[in-house]
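Worksheet: one structure, shown below.
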Amino acid sequence: MTEHPRHQLDAVIHSPIRLSIVACLAAADKAEFAFVRDTVEVSDSVLSRQITLLVEAGYVKARKGYVGKRPRTWLSLTAAGRSAYGKHLAALTAIARLPVKDEADV
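When we follow the UniProt record's numbering, the leftmost residue of the sequence shown carries the number 1, and every step to the right adds one.
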């Protein structure tokens, strides 16, 4: 018997908000905090908390700087984050492709 693909899901990425953040960041080399916030449709505080968890997991890098005199934060996926995202998507795809058992088969 083979292991069910759900065991390959990444617990850090699996949260809908964090999955949305990682998907947004996977599409670019880096993205500004406000862009990610608006794309994922969350508040600053919610995004900040979720980014902290992703940074602690080693999946996201946050770089602070300035544009003129205005502070900005740029976010990017790390190599570990890209790898984890790819594995997570592969697990979701494998789950979606599992054959559905008929009641008669049970």
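Yeah, the Cβ is synthetic: ideal placement off N, Cα and C, and Gly gets one too. Computed from a predicted model, the values in this text were never measured in an experiment.
Could you check where the alpha helix (DSSP H) with Leu47 kicks off and where it finishes? As a working mapping, residue 47 is identified with position 47 in the sequence shown. Here the alpha helix (DSSP H) through Leu47 covers Asp44 to Glu56.
So which of Ala96, Leu77 and Ala91 has the shortest CA-CA distance to Arg18? The residue you call residue 18 lines up with position 18 of the sequence shown. Of the candidates Ala96, Leu77 and Ala91, the residue whose Cα lies closest to the Cα of Arg18 is Leu77.
Using only CA atoms, which one of Gly81, Glu3 and Trp74 lies nearest to Glu56? Position 56 of the sequence shown, counted from the start, is the residue given in the question as residue 56. Checking every option, the nearest Cα to that of Glu56 belongs to Gly81.
Counting Cβ pairs, one atom from each stretch, are 3 or more of them under 8 angstroms apart for the stretch 85-104 and the stretch 4-22? Per the Cβ contact rule, the stretch 85-104 is in contact with the stretch 4-22 (3 or more Cβ pairs under 8 angstroms).
Among the candidates Arg72, Lys30, Ala90 and Val22, whose CA atom is the shortest distance from the CA of Val40? The count along the sequence shown starts at 1 and reaches residue 40 at position 40. Nearest of Arg72, Lys30, Ala90 and Val22 to Val40, Cα basis: Val22.
Of the listed residues Leu53, Ala91 and Arg63, nearest to Asp10 (C-alpha basis): Position 10 of the sequence shown, counting from 1, holds the residue named residue 10. Answer by Cα proximity: Ala91.
Could you check if Ala84 is buried or exposed, using at least 16 other CB atoms within 10 Å of its CB as the buried criterion? To locate residue 84, count along the sequence shown from 1; it is residue 84. With 16 or more other Cβ atoms inside 10 Å of its own Cβ, Ala84 counts as buried.
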